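These notes are about the structure you will find just below.
Number of protein chains: 2
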Amino acid sequence: MPKKRDPDEGPAARERIVEAAAEVFAEKGFGGARVDEIARRAGINKAMLYYHLGDKRVLYEAVLLHFLSGAWQEIEEAVRVSPSSEGRLQALVKAVSAMAASSPHCPKLMLRELATGGADLPEPVLRGMARIALLTKGVLEEGRRRGSFRKADPLMVHLALVGAVMALNASAPIRQKLKARGIQVVPGMDFSQDVGEFLVGLFLTGLVSGRGDPLRKTTRASGGPKRRPVSTRGAVP
Amino acid sequence: MPKKRDPDEGPAARERIVEAAAEVFAEKGFGGARVDEIARRAGINKAMLYYHLGDKRVLYEAVLLHFLSGAWQEIEEAVRVSPSSEGRLQALVKAVSAMAASSPHCPKLMLRELATGGADLPEPVLRGMARIALLTKGVLEEGRRRGSFRKADPLMVHLALVGAVMALNASAPIRQKLKARGIQVVPGMDFSQDVGEFLVGLFLTGLVSGRGDPLRKTTRASGGPKRRPVSTRGAVP
DNA sequence: GTCTATATACCGATAGAC
DNA sequence: GTCTATCGGTATATAGAC
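Chains as they are written, first to last, in this note's numbering: chain A, 370 to 606; chain B, 370 to 606.
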């Protein structure tokens, strides 16, 4: 009886391997990840890993596509069904945020790829990222034409969004370390606000007050400019 | 004659080693960096590297402190001299952006640490990061009390700022890859807008139009908080 | 202070028995 | 399909000659 694992005890070998690989690649990076450790966490022999998936780079490609291939369609769909420019931008921000929040491994993998300049990115992943960047560009340019958005480089918006989303969603360990050094927002270690909603507010109207909360009137069409915000304060001497 | 290197031909050994190490750590990460390669790029023998700096982890610590220790004071100073809440936030954004832009290695190193959850961060670096986060928190809470800012979790703002800044400043290789796949904003491969000014606009007023562009009223000099920055609309006498 | 040579350990990948 | 054993290559770190 060469088989020691009960075939009914969980997902198929390939699935378990990809999940374990995502964990280890996210923690250690492509170069730091050890195939032995991936095999161990998958509960499988290293030789079996090579038998099922191929070498380390093929494994990495499978991990990235596992996280990204589904998310792309959800992002495009979320943008497609929104009726206004602001709604589309809001949908884009929320969808990217949701993708990052869908797995703790996803934002870490993305941040590493940002740091390496995409050196380890396989071609299919690059094409998908280009699709999302083009989608962002389209949303922003249309909103700009309609007068809903001010002038901003679409690629910069895309990169700022990805960076902010991934940093926030990968920040739990850093938050814990900062918390031990004086940064404590609320008694718990979690954020005091929903990450997606925070990002929508940030990208749509920024931090300066004087405009209504964008979340309360999401489907406002692309009409003329909004009412000029009232500067609230005696803060200007 | 054991010495092959002319002592006058450049900076001291330690400086050259740290610079080369920053380069390699930024490109390959802590686990992926090879001590041999650092020594080679520093134009020094590997044994000499150990003689001067100690082991790989001490070397990494020296690299991080080299980039961060000076930047912290500049950030705190830039915030300190700003006369208003909005001006302080603007100064903070610009100072963090300037730090990331000061060296191509800095944003890559920061993104990697975000991805690892600060696992490789030495204690002095962590304390410095906590200082900046606390500074951000103070700026936002004061602005909130004065009515200048809307409600937002200060730690989320800090992490979003760091993520966006580092992603934008480390994005040159990714931009080139995306450019080859249909994303081309302007003929050159550079952004069509200054990164610091884009970020100020994003964090202060977001992308939705209807408010005066805060960038038009900022002083041209980088980090110049001399003039009152933002609230210069005609409606506010 | 500088360099060569090497100890020690580990990793990716495969061969081959079962 | 599964596992053990191992090869070949390479990494960190140090010993020791000069």
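We treat Cβ as the ideally placed atom computed from N, Cα and C, and that holds for glycine. Here the structure is a predicted model, which is why all the values come from computation and not from measurement.
- A:V404 and A:G512 have their C-alpha atoms some 47 Å from each other.
- Not one beta carbon of chain B lies nearer than 7 Å to the beta carbon of A:S471.
- Here A:N538 is buried: its Cβ has 16 or more other Cβ atoms, across all protein chains shown, within 10 Å.
- By a beta-carbon distance limit of 8 Å, B:F567 does not contact A:V577. Their separation comes to about 16 Å.
- Chain B has a Cβ within less than 7 Å of the Cβ of A:G551.
- Counting along the chain, the unbroken alpha helix (DSSP H) around A:N538 starts and ends at 523 to 538.
- Under DSSP, the beta-bridge partners assigned to B:V577 are A:F518.
- Within chain A, no C-beta atom comes nearer than 9 Å to that of B:G456; the closest sits roughly 10 Å away.
- Note that the C-beta distance between A:V526 and A:L509 is below 7 Å.
- Along the stretch 484 to 505 of chain A, going in chain order, the ones with a CB nearer than 8 Å to a CB of chain B are A484, T485, G486, G487, A488, L490, L495, R496, M498, A499, A502, L503.
- Residues of the stretch 557 to 578 of chain A that bring their beta carbon within less than 8 Å of a beta carbon in chain B comprise F560, S561, Q562, V564, F567, L568, G570, L571, F572, L573, T574, G575, L576, V577, S578, in sequence order.
- Neighbours of A:P542 in chain B, taken as residues whose beta carbon is under 9 Å from its own, are T485, G486, G487, A488 in chain order.
- Cβ neighbours of A:R457 within its own chain (closer than 6 Å, five residues either side excluded): V448, S451, V508.
- Taking a Cβ-Cβ threshold of 7 Å, none of the residues of chain A is close to B:A447; the smallest such distance is about 17 Å.
- With the criterion set as a beta carbon lying under 9 Å from some beta carbon of chain B, the members of the stretch 382 to 399 of chain A are A395, E396, K397, G398, F399, in sequence order.
- Residues of the stretch 519 to 534 of chain B with a C-beta atom less than 9 Å from some C-beta of chain A are R519, K520, A521, D522, P523, L524, M525, V526, H527, L528, A529, L530, V531, G532, A533, V534, listed in chain order.
- In the displayed model, A:R550 falls within coil according to three-state DSSP, outside both helix and strand.
- The shortest C-alpha to C-alpha distance from B:R544 to any of A:T485, A:A470, A:R409, A:E445 is the one to A:T485.
- Neighbourhood of A:G507 in chain B, by CB distance below 9 Å: empty, with the nearest CB roughly 11 Å away.
- Cβ neighbours of B:H421 within its own chain (closer than 7 Å, five residues either side excluded): A382, R383, I386.
- For secondary structure counted as the alpha helix (DSSP H) over 4 or more consecutive residues, the stretch 422 to 450 of chain A holds these complete runs in sequence order: 425 to 449.
- Distance check between B:G401 and each of A:Q562, A:E443, A:A488, A:M535 places A:A488 closest, using alpha-carbon atoms only.
- For B:S453, the secondary structure class from DSSP, reduced to helix, strand or coil, is coil.
- Under the Cβ criterion of 7 Å, B:K477 is counted among the residues facing chain A.
- At a cut-off of 7 Å, the C-beta of B:A440 has no neighbouring C-beta in chain A.
- Residue-level contact by beta carbon holds for A:K546 and chain B, with a gap shorter than 7 Å.
- Contact check between the stretch 529 to 536 of chain A and the stretch 469 to 481 of chain A: three or more CB pairs, one atom from each, fall below 8 Å, which counts as touching.
- Interface annotation, A:G401: in contact with chain B, CB-CB separation under 7 Å.
- By the neighbour-count criterion, in which a residue is buried when 16 or more other Cβ atoms sit within 10 angstroms of its Cβ, B:S540 is buried.
- It is roughly 27 Å from the alpha-carbon of A:Q459 to the alpha-carbon of B:P476.
- Looking only at A:V427, A:F394, A:H435, A:T505, the smallest Cα-Cα distance to A:E446 is reached by A:T505.
- Assignment of B:I413 by DSSP, reduced to helix, strand and coil, places it in the coil class.
- DSSP places A:P491 outside any alpha helix (DSSP H), giving it a letter other than H or E.
- Taking a C-beta distance under 7 Å as the contact criterion, B:V494 and B:L433 qualify as a contact pair.
- Each of A:R409, A:S438, A:R514 was checked against the Cα of A:M498, and the nearest Cα belongs to A:S438.
- The beta carbon of A:R514 sits no closer than 7 Å to any beta carbon of chain B.
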